[in-house]
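Trainee:
Residue numbers (this note's numbering): 19 to 537.
Below is the structure:
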(Lines of atoms letter the chains of each structure in order from A and count residues from 1; the text may use other names and numbers.)
(Lines give C-alpha, C1' and ligand atoms only; values in the text may rest on other atoms or scores of the structure.)
Protein backbone atom coordinates (compact mmCIF):
# COMPACT_ATOMS: atom_id res chain seq x y z
CA UNK A 1 0.00 0.00 0.00
CA UNK A 2 2.98 2.36 0.57
CA UNK A 3 3.86 2.08 -3.11
CA UNK A 4 0.26 2.88 -4.00
CA UNK A 5 0.25 5.94 -1.73
CA UNK A 6 3.46 7.16 -3.34
CA UNK A 7 2.05 6.58 -6.81
CA UNK A 8 -1.13 8.49 -5.95
CA UNK A 9 0.87 11.45 -4.62
CA UNK A 10 3.03 11.40 -7.74
CA UNK A 11 -0.08 11.18 -9.93
CA UNK A 12 -1.43 14.37 -8.35
CA UNK A 13 1.81 16.17 -9.13
CA UNK A 14 2.31 14.58 -12.54
CA UNK A 15 -1.19 15.44 -13.71
CA UNK A 16 -0.51 19.12 -13.06
CA UNK A 17 2.62 19.28 -15.18
CA UNK A 18 1.30 16.78 -17.78
CA UNK A 19 4.45 14.64 -17.90
CA UNK A 20 3.09 11.65 -19.83
CA UNK A 21 5.80 9.16 -18.83
CA UNK A 22 5.43 9.87 -15.13
CA UNK A 23 1.62 9.72 -15.39
CA UNK A 24 1.74 6.37 -17.18
CA UNK A 25 4.09 5.00 -14.54
CA UNK A 26 1.69 6.04 -11.78
CA UNK A 27 -1.29 4.55 -13.64
CA UNK A 28 0.58 1.25 -14.04
CA UNK A 29 1.17 1.20 -10.30
CA UNK A 30 -2.55 1.81 -9.64
CA UNK A 31 -3.57 -1.00 -12.00
CA UNK A 32 -1.11 -3.39 -10.34
CA UNK A 33 -2.50 -2.51 -6.90
CA UNK A 34 -6.06 -3.04 -8.10
CA UNK A 35 -5.15 -6.47 -9.47
CA UNK A 36 -3.54 -7.48 -6.16
CA UNK A 37 -6.27 -6.16 -3.84
CA UNK A 38 -9.06 -4.38 -5.64
CA UNK A 39 -11.19 -3.42 -2.65
CA UNK A 40 -8.38 -2.01 -0.53
CA UNK A 41 -6.74 -0.24 -3.47
CA UNK A 42 -10.02 1.32 -4.56
CA UNK A 43 -10.69 2.64 -1.06
CA UNK A 44 -7.19 4.15 -0.96
CA UNK A 45 -7.66 5.85 -4.33
CA UNK A 46 -10.91 7.39 -3.08
CA UNK A 47 -9.34 8.38 0.23
CA UNK A 48 -6.44 10.16 -1.45
CA UNK A 49 -8.86 12.32 -3.48
CA UNK A 50 -7.72 11.15 -6.91
CA UNK A 51 -11.20 10.46 -8.39
CA UNK A 52 -12.00 14.15 -9.15
CA UNK A 53 -8.80 14.32 -11.20
CA UNK A 54 -9.77 11.51 -13.55
CA UNK A 55 -12.36 13.30 -15.75
CA UNK A 56 -9.70 15.66 -17.11
CA UNK A 57 -7.50 12.67 -17.93
CA UNK A 58 -10.18 11.07 -20.11
CA UNK A 59 -9.31 12.82 -23.34
CA UNK A 60 -9.38 11.12 -26.77
CA UNK A 61 -5.91 12.34 -27.74
CA UNK A 62 -4.13 11.15 -24.59
CA UNK A 63 -2.22 7.86 -24.64
CA UNK A 64 -3.10 7.47 -20.96
CA UNK A 65 -6.84 7.33 -21.61
CA UNK A 66 -7.17 3.51 -21.97
CA UNK A 67 -5.41 2.97 -18.64
CA UNK A 68 -7.50 5.61 -16.87
CA UNK A 69 -10.68 4.00 -18.19
CA UNK A 70 -9.36 0.58 -17.15
CA UNK A 71 -8.69 1.87 -13.62
CA UNK A 72 -12.24 3.22 -13.41
CA UNK A 73 -13.62 -0.10 -14.68
CA UNK A 74 -11.65 -2.01 -12.02
CA UNK A 75 -12.67 0.32 -9.19
CA UNK A 76 -16.33 0.20 -10.22
CA UNK A 77 -16.36 -3.55 -9.65
CA UNK A 78 -16.84 -2.51 -6.00
CA UNK A 79 -20.37 -1.40 -5.21
CA UNK A 80 -19.17 1.25 -2.73
CA UNK A 81 -17.18 2.97 -5.49
CA UNK A 82 -19.98 3.37 -8.04
CA UNK A 83 -21.70 6.38 -6.50
CA UNK A 84 -18.28 7.96 -5.90
CA UNK A 85 -17.49 7.57 -9.62
CA UNK A 86 -20.78 9.24 -10.52
CA UNK A 87 -20.21 12.09 -8.06
CA UNK A 88 -16.72 12.61 -9.50
CA UNK A 89 -18.38 13.35 -12.86
CA UNK A 90 -16.90 10.39 -14.73
CA UNK A 91 -19.97 9.41 -16.79
CA UNK A 92 -20.10 12.36 -19.27
CA UNK A 93 -16.44 12.12 -20.39
CA UNK A 94 -16.69 8.33 -20.62
CA UNK A 95 -19.73 8.62 -22.90
CA UNK A 96 -17.81 11.06 -25.11
CA UNK A 97 -15.05 8.48 -25.45
CA UNK A 98 -17.49 6.07 -27.10
CA UNK A 99 -16.96 8.16 -30.24
CA UNK A 100 -13.25 7.23 -30.27
CA UNK A 101 -11.75 5.16 -33.08
CA UNK A 102 -9.23 3.53 -30.72
CA UNK A 103 -10.51 0.00 -29.98
CA UNK A 104 -8.72 -0.27 -26.64
CA UNK A 105 -10.23 3.04 -25.51
CA UNK A 106 -13.67 1.81 -26.58
CA UNK A 107 -13.27 -1.49 -24.75
CA UNK A 108 -12.12 0.01 -21.45
CA UNK A 109 -14.67 2.82 -21.67
CA UNK A 110 -17.48 0.31 -22.19
CA UNK A 111 -16.26 -1.73 -19.23
CA UNK A 112 -16.09 1.37 -17.04
CA UNK A 113 -19.61 2.53 -17.90
CA UNK A 114 -20.98 -1.00 -17.54
CA UNK A 115 -19.46 -1.46 -14.08
CA UNK A 116 -20.47 1.99 -12.80
CA UNK A 117 -24.08 1.49 -13.90
CA UNK A 118 -24.25 -2.20 -12.98
CA UNK A 119 -27.58 -3.14 -11.41
CA UNK A 120 -28.73 0.49 -11.29
CA UNK A 121 -31.79 1.22 -13.41
CA UNK A 122 -31.56 4.93 -12.65
CA UNK A 123 -27.96 5.19 -13.91
CA UNK A 124 -28.73 2.99 -16.91
CA UNK A 125 -31.68 5.28 -17.59
CA UNK A 126 -29.25 8.23 -17.59
CA UNK A 127 -27.09 6.49 -20.20
CA UNK A 128 -30.16 5.93 -22.37
CA UNK A 129 -31.21 9.58 -22.09
CA UNK A 130 -27.67 10.62 -23.06
CA UNK A 131 -28.00 8.66 -26.32
CA UNK A 132 -25.65 5.78 -25.61
CA UNK A 133 -27.76 3.15 -27.44
CA UNK A 134 -27.36 4.40 -31.05
CA UNK A 135 -23.64 4.86 -30.38
CA UNK A 136 -23.21 1.29 -29.13
CA UNK A 137 -25.22 -0.14 -32.03
CA UNK A 138 -22.96 1.72 -34.46
CA UNK A 139 -19.88 0.38 -32.64
CA UNK A 140 -21.18 -3.18 -32.97
CA UNK A 141 -21.50 -2.76 -36.71
CA UNK A 142 -18.08 -1.16 -37.19
CA UNK A 143 -16.14 -3.48 -34.86
CA UNK A 144 -17.99 -6.79 -35.24
CA UNK A 145 -14.63 -8.47 -35.98
CA UNK A 146 -13.31 -7.49 -32.52
CA UNK A 147 -14.47 -10.23 -30.14
CA UNK A 148 -13.84 -8.30 -26.92
CA UNK A 149 -15.64 -5.19 -28.16
CA UNK A 150 -18.52 -7.25 -29.50
CA UNK A 151 -18.96 -8.95 -26.13
CA UNK A 152 -18.83 -5.59 -24.37
CA UNK A 153 -21.61 -4.27 -26.60
CA UNK A 154 -23.73 -7.39 -26.08
CA UNK A 155 -23.40 -7.16 -22.29
CA UNK A 156 -24.40 -3.49 -22.44
CA UNK A 157 -27.37 -4.26 -24.68
CA UNK A 158 -28.49 -7.05 -22.37
CA UNK A 159 -28.52 -4.69 -19.38
CA UNK A 160 -30.11 -1.74 -21.16
CA UNK A 161 -32.74 -3.80 -22.97
CA UNK A 162 -34.32 -4.71 -19.63
CA UNK A 163 -35.49 -1.10 -19.31
CA UNK A 164 -38.72 -0.25 -21.11
CA UNK A 165 -37.37 3.23 -21.87
CA UNK A 166 -34.66 1.68 -24.05
CA UNK A 167 -37.00 -0.05 -26.50
CA UNK A 168 -37.92 3.05 -28.50
CA UNK A 169 -34.24 3.95 -28.98
CA UNK A 170 -33.33 0.42 -29.96
CA UNK A 171 -36.22 0.39 -32.45
CA UNK A 172 -34.85 3.52 -34.12
CA UNK A 173 -31.52 1.80 -34.87
CA UNK A 174 -30.56 -1.15 -37.07
CA UNK A 175 -29.99 -3.35 -33.99
CA UNK A 176 -32.09 -6.17 -35.49
CA UNK A 177 -29.92 -6.43 -38.61
CA UNK A 178 -26.69 -6.20 -36.60
CA UNK A 179 -27.67 -8.91 -34.13
CA UNK A 180 -28.97 -11.30 -36.81
CA UNK A 181 -25.81 -10.76 -38.87
CA UNK A 182 -23.66 -11.40 -35.80
CA UNK A 183 -25.67 -14.51 -34.89
CA UNK A 184 -25.19 -15.98 -38.37
CA UNK A 185 -21.41 -15.78 -37.94
CA UNK A 186 -21.32 -17.61 -34.60
CA UNK A 187 -20.37 -21.25 -34.20
CA UNK A 188 -19.79 -21.37 -30.43
CA UNK A 189 -22.66 -22.09 -28.05
CA UNK A 190 -21.57 -19.41 -25.54
CA UNK A 191 -21.55 -16.66 -28.16
CA UNK A 192 -24.99 -17.64 -29.42
CA UNK A 193 -26.28 -17.61 -25.85
CA UNK A 194 -24.98 -14.07 -25.36
CA UNK A 195 -26.91 -12.91 -28.42
CA UNK A 196 -30.02 -14.80 -27.31
CA UNK A 197 -29.87 -12.97 -23.98
CA UNK A 198 -30.09 -9.65 -25.84
CA UNK A 199 -32.72 -10.80 -28.34
CA UNK A 200 -35.21 -12.02 -25.71
CA UNK A 201 -35.85 -8.68 -23.95
CA UNK A 202 -35.70 -6.75 -27.24
CA UNK A 203 -38.27 -9.06 -28.83
CA UNK A 204 -40.82 -8.06 -26.19
CA UNK A 205 -41.30 -4.87 -28.22
CA UNK A 206 -43.71 -5.29 -31.17
CA UNK A 207 -41.80 -2.91 -33.48
CA UNK A 208 -38.55 -4.76 -32.85
CA UNK A 209 -40.33 -8.12 -33.28
CA UNK A 210 -41.18 -7.16 -36.85
CA UNK A 211 -37.67 -5.81 -37.47
CA UNK A 212 -36.17 -9.11 -36.29
CA UNK A 213 -38.51 -11.09 -38.53
CA UNK A 214 -37.61 -8.92 -41.52
CA UNK A 215 -33.90 -9.23 -40.70
CA UNK A 216 -34.13 -13.03 -41.00
CA UNK A 217 -33.99 -14.09 -37.34
CA UNK A 218 -36.71 -16.72 -37.83
CA UNK A 219 -34.63 -18.58 -40.39
CA UNK A 220 -31.73 -18.59 -37.91
CA UNK A 221 -33.97 -19.97 -35.17
CA UNK A 222 -35.34 -22.72 -37.40
CA UNK A 223 -31.81 -23.71 -38.29
CA UNK A 224 -30.88 -23.94 -34.60
CA UNK A 225 -33.93 -26.14 -33.97
CA UNK A 226 -33.02 -28.41 -36.90
CA UNK A 227 -29.45 -28.76 -35.62
CA UNK A 228 -30.37 -29.50 -32.00
CA UNK A 229 -33.65 -31.42 -32.22
CA UNK A 230 -31.98 -34.77 -31.61
CA UNK A 231 -29.23 -33.40 -29.40
CA UNK A 232 -28.72 -34.81 -25.93
CA UNK A 233 -25.93 -32.56 -24.69
CA UNK A 234 -26.97 -29.92 -22.17
CA UNK A 235 -25.99 -27.04 -24.44
CA UNK A 236 -28.00 -28.48 -27.34
CA UNK A 237 -31.10 -28.88 -25.18
CA UNK A 238 -30.65 -25.30 -23.96
CA UNK A 239 -30.28 -23.94 -27.50
CA UNK A 240 -33.38 -25.80 -28.69
CA UNK A 241 -35.45 -24.36 -25.84
CA UNK A 242 -34.14 -20.81 -26.28
CA UNK A 243 -34.65 -20.83 -30.07
CA UNK A 244 -38.19 -22.27 -29.93
CA UNK A 245 -39.19 -19.97 -27.04
CA UNK A 246 -37.93 -16.95 -28.97
CA UNK A 247 -39.89 -18.07 -32.03
CA UNK A 248 -43.08 -18.11 -29.95
CA UNK A 249 -42.24 -14.66 -28.56
CA UNK A 250 -41.92 -13.23 -32.08
CA UNK A 251 -45.42 -14.50 -32.84
CA UNK A 252 -46.92 -12.41 -30.03
CA UNK A 253 -46.69 -9.34 -32.25
CA UNK A 254 -49.68 -8.93 -34.57
CA UNK A 255 -47.68 -7.74 -37.57
CA UNK A 256 -44.83 -10.20 -37.14
CA UNK A 257 -47.31 -13.06 -36.61
CA UNK A 258 -49.30 -12.21 -39.72
CA UNK A 259 -46.15 -11.84 -41.80
CA UNK A 260 -45.06 -15.35 -40.82
CA UNK A 261 -48.53 -16.86 -41.28
CA UNK A 262 -48.66 -15.78 -44.94
CA UNK A 263 -52.25 -16.89 -45.38
CA UNK A 264 -51.45 -20.28 -43.88
CA UNK A 265 -49.01 -21.08 -46.69
CA UNK A 266 -45.84 -19.65 -45.16
CA UNK A 267 -42.87 -21.99 -44.84
CA UNK A 268 -42.37 -20.89 -41.22
CA UNK A 269 -45.97 -21.71 -40.37
CA UNK A 270 -45.65 -25.13 -42.00
CA UNK A 271 -42.41 -25.85 -40.15
CA UNK A 272 -43.97 -24.94 -36.81
CA UNK A 273 -46.86 -27.30 -37.54
CA UNK A 274 -44.37 -30.15 -37.86
CA UNK A 275 -43.31 -29.58 -34.25
CA UNK A 276 -46.68 -30.67 -32.81
CA UNK A 277 -46.37 -34.43 -33.58
CA UNK A 278 -42.71 -34.35 -32.48
CA UNK A 279 -41.55 -36.61 -29.66
CA UNK A 280 -39.72 -33.66 -28.11
CA UNK A 281 -41.82 -32.03 -25.37
CA UNK A 282 -40.17 -28.63 -25.88
CA UNK A 283 -41.11 -28.62 -29.56
CA UNK A 284 -44.62 -29.88 -28.81
CA UNK A 285 -45.00 -26.99 -26.37
CA UNK A 286 -43.59 -24.41 -28.78
CA UNK A 287 -45.71 -25.76 -31.63
CA UNK A 288 -48.93 -25.56 -29.62
CA UNK A 289 -48.11 -22.07 -28.33
CA UNK A 290 -47.31 -20.96 -31.87
CA UNK A 291 -50.72 -22.19 -33.08
CA UNK A 292 -52.35 -20.34 -30.17
CA UNK A 293 -50.56 -17.16 -31.28
CA UNK A 294 -51.43 -17.63 -34.95
CA UNK A 295 -55.06 -18.10 -33.84
CA UNK A 296 -55.47 -14.47 -32.80
CA UNK A 297 -57.80 -13.42 -35.60
CA UNK A 298 -60.85 -15.05 -37.14
CA UNK A 299 -59.36 -15.45 -40.61
CA UNK A 300 -56.37 -17.41 -39.36
CA UNK A 301 -58.57 -19.53 -37.06
CA UNK A 302 -60.98 -20.46 -39.83
CA UNK A 303 -58.14 -21.41 -42.18
CA UNK A 304 -56.43 -23.56 -39.56
CA UNK A 305 -59.59 -25.44 -38.61
CA UNK A 306 -60.37 -26.06 -42.29
CA UNK A 307 -56.88 -27.48 -42.85
CA UNK A 308 -57.03 -30.03 -40.04
CA UNK A 309 -54.96 -28.50 -37.29
CA UNK A 310 -57.57 -29.40 -34.66
CA UNK A 311 -56.90 -33.10 -35.19
CA UNK A 312 -53.17 -32.58 -34.63
CA UNK A 313 -53.89 -30.80 -31.34
CA UNK A 314 -56.31 -33.52 -30.21
CA UNK A 315 -53.74 -36.21 -30.95
CA UNK A 316 -51.19 -34.22 -28.96
CA UNK A 317 -53.55 -33.91 -25.99
CA UNK A 318 -54.35 -37.62 -26.11
CA UNK A 319 -50.62 -38.31 -25.67
CA UNK A 320 -50.64 -36.24 -22.48
CA UNK A 321 -53.79 -37.38 -20.68
CA UNK A 322 -52.12 -39.75 -18.22
CA UNK A 323 -49.16 -38.26 -16.39
CA UNK A 324 -48.80 -35.78 -19.21
CA UNK A 325 -46.72 -32.67 -19.48
CA UNK A 326 -48.75 -29.88 -17.87
CA UNK A 327 -47.21 -27.10 -19.98
CA UNK A 328 -48.06 -28.98 -23.18
CA UNK A 329 -51.63 -29.59 -21.94
CA UNK A 330 -52.01 -25.89 -21.17
CA UNK A 331 -50.60 -24.81 -24.54
CA UNK A 332 -52.74 -27.21 -26.59
CA UNK A 333 -55.90 -26.18 -24.72
CA UNK A 334 -54.98 -22.51 -25.27
CA UNK A 335 -54.77 -23.16 -29.00
CA UNK A 336 -58.11 -24.97 -29.06
CA UNK A 337 -59.77 -22.17 -27.08
CA UNK A 338 -58.59 -19.54 -29.56
CA UNK A 339 -59.58 -21.64 -32.55
CA UNK A 340 -63.09 -22.04 -31.09
CA UNK A 341 -63.80 -18.30 -31.03
CA UNK A 342 -65.14 -17.84 -34.63
CA UNK A 343 -68.78 -18.99 -34.81
CA UNK A 344 -68.21 -21.04 -37.97
CA UNK A 345 -65.54 -23.11 -36.22
CA UNK A 346 -67.61 -24.24 -33.24
CA UNK A 347 -69.74 -26.92 -34.87
CA UNK A 348 -66.75 -28.22 -36.87
CA UNK A 349 -64.66 -28.56 -33.73
CA UNK A 350 -67.48 -30.21 -31.83
CA UNK A 351 -67.91 -32.69 -34.69
CA UNK A 352 -64.18 -33.43 -34.45
CA UNK A 353 -64.66 -34.55 -30.85
CA UNK A 354 -62.94 -31.60 -29.17
CA UNK A 355 -65.32 -31.57 -26.18
CA UNK A 356 -64.77 -35.28 -25.52
CA UNK A 357 -60.99 -34.92 -25.49
CA UNK A 358 -61.10 -31.80 -23.33
CA UNK A 359 -63.31 -33.54 -20.77
CA UNK A 360 -60.57 -36.12 -20.26
CA UNK A 361 -58.70 -33.43 -18.29
CA UNK A 362 -61.54 -32.83 -15.80
CA UNK A 363 -59.53 -34.61 -13.12
CA UNK A 364 -56.54 -32.30 -13.51
CA UNK A 365 -55.47 -30.62 -10.29
CA UNK A 366 -53.39 -28.00 -12.11
CA UNK A 367 -55.10 -24.57 -12.14
CA UNK A 368 -53.56 -23.45 -15.46
CA UNK A 369 -54.96 -26.56 -17.17
CA UNK A 370 -58.32 -26.15 -15.41
CA UNK A 371 -58.51 -22.51 -16.55
CA UNK A 372 -57.89 -23.30 -20.23
CA UNK A 373 -60.16 -26.36 -20.13
CA UNK A 374 -63.04 -24.21 -18.87
CA UNK A 375 -62.38 -21.47 -21.40
CA UNK A 376 -62.29 -23.95 -24.27
CA UNK A 377 -65.63 -25.51 -23.30
CA UNK A 378 -67.22 -22.10 -22.81
CA UNK A 379 -66.14 -20.99 -26.28
CA UNK A 380 -67.34 -24.23 -27.85
CA UNK A 381 -70.90 -24.13 -26.48
CA UNK A 382 -71.53 -20.47 -27.29
CA UNK A 383 -74.69 -20.56 -29.53
CA UNK A 384 -74.37 -24.37 -29.76
CA UNK A 385 -77.61 -25.71 -28.27
CA UNK A 386 -76.92 -29.43 -28.63
CA UNK A 387 -73.45 -29.14 -27.09
CA UNK A 388 -74.81 -27.08 -24.18
CA UNK A 389 -77.51 -29.71 -23.61
CA UNK A 390 -75.00 -32.55 -23.59
CA UNK A 391 -72.45 -30.85 -21.36
CA UNK A 392 -75.11 -29.39 -19.07
CA UNK A 393 -76.43 -32.86 -18.30
CA UNK A 394 -72.95 -34.27 -17.68
CA UNK A 395 -73.04 -34.87 -13.92
CA UNK A 396 -69.25 -35.11 -13.55
CA UNK A 397 -68.73 -31.81 -15.34
CA UNK A 398 -71.37 -29.95 -13.31
CA UNK A 399 -70.00 -31.42 -10.08
CA UNK A 400 -66.50 -30.27 -10.98
CA UNK A 401 -67.76 -26.82 -11.98
CA UNK A 402 -69.47 -26.31 -8.64
CA UNK A 403 -66.29 -27.44 -6.89
CA UNK A 404 -64.13 -25.00 -8.89
CA UNK A 405 -66.62 -22.17 -8.28
CA UNK A 406 -65.20 -22.22 -4.75
CA UNK A 407 -61.53 -22.15 -5.81
CA UNK A 408 -60.84 -18.88 -4.00
CA UNK A 409 -57.06 -19.33 -4.34
CA UNK A 410 -57.40 -19.30 -8.12
CA UNK A 411 -59.56 -16.38 -9.23
CA UNK A 412 -59.26 -17.26 -12.91
CA UNK A 413 -60.51 -20.81 -12.42
CA UNK A 414 -63.31 -19.62 -10.14
CA UNK A 415 -64.42 -16.97 -12.64
CA UNK A 416 -64.36 -19.32 -15.64
CA UNK A 417 -66.27 -21.99 -13.69
CA UNK A 418 -69.03 -19.52 -12.88
CA UNK A 419 -69.19 -18.33 -16.47
CA UNK A 420 -69.37 -21.88 -17.88
CA UNK A 421 -72.07 -22.82 -15.37
CA UNK A 422 -74.09 -19.81 -16.52
CA UNK A 423 -73.36 -20.54 -20.20
CA UNK A 424 -74.67 -24.10 -19.93
CA UNK A 425 -78.03 -22.70 -18.85
CA UNK A 426 -78.07 -19.78 -21.27
CA UNK A 427 -77.21 -21.80 -24.39
CA UNK A 428 -79.31 -24.86 -23.59
CA UNK A 429 -82.48 -23.99 -25.50
CA UNK A 430 -84.26 -27.27 -26.30
CA UNK A 431 -87.31 -27.49 -24.02
CA UNK A 432 -86.82 -30.91 -22.43
CA UNK A 433 -83.03 -30.89 -22.17
CA UNK A 434 -83.04 -27.29 -20.91
CA UNK A 435 -85.06 -28.36 -17.88
CA UNK A 436 -82.67 -31.24 -17.31
CA UNK A 437 -79.70 -28.87 -17.41
CA UNK A 438 -81.35 -26.51 -14.92
CA UNK A 439 -82.24 -29.42 -12.61
CA UNK A 440 -78.67 -30.67 -12.79
CA UNK A 441 -77.34 -27.25 -11.72
CA UNK A 442 -79.90 -26.95 -8.90
CA UNK A 443 -79.22 -30.47 -7.61
CA UNK A 444 -75.50 -29.83 -7.80
CA UNK A 445 -75.93 -26.77 -5.55
CA UNK A 446 -74.85 -24.44 -8.33
CA UNK A 447 -77.49 -21.71 -7.96
CA UNK A 448 -75.70 -20.08 -5.02
CA UNK A 449 -72.67 -19.53 -7.23
CA UNK A 450 -74.79 -17.82 -9.88
CA UNK A 451 -76.14 -15.54 -7.16
CA UNK A 452 -72.60 -14.66 -6.07
CA UNK A 453 -71.65 -14.16 -9.70
CA UNK A 454 -74.46 -11.61 -10.05
CA UNK A 455 -72.60 -9.41 -7.56
CA UNK A 456 -69.29 -9.64 -9.43
CA UNK A 457 -67.35 -6.45 -10.13
CA UNK A 458 -67.31 -7.42 -13.81
CA UNK A 459 -70.40 -6.23 -15.69
CA UNK A 460 -70.31 -9.04 -18.24
CA UNK A 461 -70.34 -11.65 -15.45
CA UNK A 462 -73.20 -9.87 -13.66
CA UNK A 463 -75.25 -9.90 -16.82
CA UNK A 464 -74.52 -13.55 -17.63
CA UNK A 465 -75.51 -14.57 -14.11
CA UNK A 466 -78.74 -12.58 -14.23
CA UNK A 467 -79.74 -14.09 -17.56
CA UNK A 468 -79.13 -17.61 -16.20
CA UNK A 469 -81.08 -16.87 -13.01
CA UNK A 470 -83.92 -15.44 -15.07
CA UNK A 471 -84.05 -18.58 -17.22
CA UNK A 472 -84.10 -20.76 -14.12
CA UNK A 473 -86.89 -18.68 -12.61
CA UNK A 474 -88.96 -18.95 -15.80
CA UNK A 475 -89.28 -22.70 -15.24
CA UNK A 476 -91.91 -24.03 -12.82
CA UNK A 477 -89.54 -26.26 -10.89
CA UNK A 478 -90.39 -27.07 -7.30
CA UNK A 479 -86.77 -27.31 -6.08
CA UNK A 480 -86.28 -23.73 -7.15
CA UNK A 481 -88.76 -22.50 -4.52
CA UNK A 482 -86.47 -23.78 -1.81
CA UNK A 483 -83.51 -22.11 -3.46
CA UNK A 484 -85.34 -18.77 -3.48
CA UNK A 485 -86.28 -19.07 0.17
CA UNK A 486 -82.94 -20.30 1.47
CA UNK A 487 -80.65 -18.17 -0.66
CA UNK A 488 -82.74 -15.00 -0.35
CA UNK A 489 -81.16 -13.59 -3.45
CA UNK A 490 -84.10 -11.44 -4.50
CA UNK A 491 -82.47 -8.65 -2.47
CA UNK A 492 -79.29 -9.00 -4.51
CA UNK A 493 -81.19 -8.74 -7.77
CA UNK A 494 -83.20 -5.79 -6.47
CA UNK A 495 -80.03 -3.83 -5.78
CA UNK A 496 -78.82 -4.47 -9.31
CA UNK A 497 -81.96 -2.84 -10.73
CA UNK A 498 -80.33 0.53 -10.01
CA UNK A 499 -77.01 -0.44 -11.58
CA UNK A 500 -75.42 2.31 -13.70
CA UNK A 501 -75.08 -0.10 -16.62
CA UNK A 502 -78.45 -0.19 -18.42
CA UNK A 503 -78.02 -3.78 -19.66
CA UNK A 504 -77.42 -5.03 -16.12
CA UNK A 505 -80.28 -2.99 -14.59
CA UNK A 506 -82.72 -4.13 -17.29
CA UNK A 507 -81.76 -7.79 -16.90
CA UNK A 508 -82.01 -7.44 -13.11
CA UNK A 509 -85.57 -6.12 -13.44
CA UNK A 510 -86.58 -9.06 -15.64
CA UNK A 511 -84.97 -11.57 -13.32
CA UNK A 512 -86.55 -10.01 -10.24
CA UNK A 513 -90.01 -10.27 -11.81
CA UNK A 514 -89.51 -13.95 -12.58
CA UNK A 515 -88.04 -14.71 -9.15
CA UNK A 516 -90.85 -12.86 -7.36
CA UNK A 517 -93.47 -14.71 -9.40
CA UNK A 518 -91.92 -18.08 -8.51
CA UNK A 519 -91.61 -17.35 -4.80
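For each residue, glycine too, the CB sits at the ideal point set by N, CA and C.
Alpha carbon to alpha carbon, how far is residue 251 from residue 390? Give it in angstroms, no decimals.
Mentor: 34 angstroms
Trainee: Does the stretch 278 to 297 touch the stretch 338 to 345, meaning 3 or more C-beta pairs lie closer than 8 angstroms?
Mentor: no
Trainee: Out of 409, 234, 404 and 384, which has the shortest C-alpha to C-alpha gap to residue 375?
Mentor: Cα-wise, what sits closest to residue 375 is 409.
Trainee: Determine the burial state of residue 51: buried for a count of at least 16 other Cβ atoms within 10 Å of its Cβ, exposed for fewer.
Mentor: buried
Trainee: Quick check: the Cα distance between residue 255 and residue 298, rounded to an integer number of angstroms?
Mentor: 10 angstroms
Trainee: State the start and end residues of the unbroken alpha helix (DSSP H) segment that holds residue 135.
Mentor: Careful: residue 135 lies outside any alpha helix (DSSP H) and carries neither H nor E.
Trainee: Expressed to the nearest angstrom, what Euclidean distance is found between the alpha-carbon atoms of residue 317 and residue 273?
Mentor: The alpha-carbon atoms of residue 317 and residue 273 are separated by roughly 14 angstroms.
Trainee: Can you give the Cα-Cα distance for residue 394 and residue 227, rounded to whole angstroms?
Mentor: 29 angstroms
Trainee: Are the beta-carbon atoms belonging to residue 152 and residue 180 less than 9 angstroms from one another?
Mentor: Contact: no.
Trainee: How would you call residue 352, buried or exposed, if buried means at least 16 neighbouring beta carbons within 10 angstroms?
Mentor: buried
Trainee: Leaving out five residues before and five after residue 163 in sequence, what residues of the same chain have Cβ atoms less than 7 angstroms from its Cβ?
Mentor: none
Trainee: Is the beta carbon of residue 222 within less than 8 angstroms of some heavy atom of the ligand ZN?
Mentor: For the ligand ZN, the structure offers nothing, since it holds no ligand at all.
Trainee: By the DSSP assignment, the alpha helix (DSSP H) with residue 63 in it spans what residues?
Mentor: 56 to 65
Trainee: I need the DSSP call for residue 436, collapsed to helix, strand or coil.
Mentor: helix
Trainee: Between the C-alpha atoms of residue 165 and residue 209, what's the straight-line distance to the nearest angstrom?
Mentor: 10 angstroms
Trainee: Let me know if residue 92 comes out buried or exposed under the rule of 16 or more other beta-carbons within 10 Å of its beta-carbon.
Mentor: buried
Trainee: Under the three-state reduction of DSSP, which class applies to residue 282: helix, strand or coil?
Mentor: helix
Trainee: Distance, Cα to Cα, residue 324 vs residue 270?
Mentor: 23 angstroms
Trainee: Is residue 235 closer than 9 angstroms to residue 217 when the C-beta atoms are compared?
Mentor: yes
Trainee: Count the CB pairs spanning the stretch 360 to 375 and the stretch 414 to 429 that are closer than 8 angstroms, and state whether there are at least three.
Mentor: no
Trainee: Starting from residue 201 and walking both ways along the alpha helix (DSSP H), at which residues does that stretch end?
Mentor: Start and end: 193 to 203.
Trainee: For residue 384 versus residue 344, is the C-beta spacing smaller than 9 angstroms?
Mentor: Against a cut-off of 9 angstroms, the Cβ pair of residue 344 and residue 384 comes out as a contact.
Trainee: In three-state terms, what does DSSP make of residue 156?
Mentor: helix
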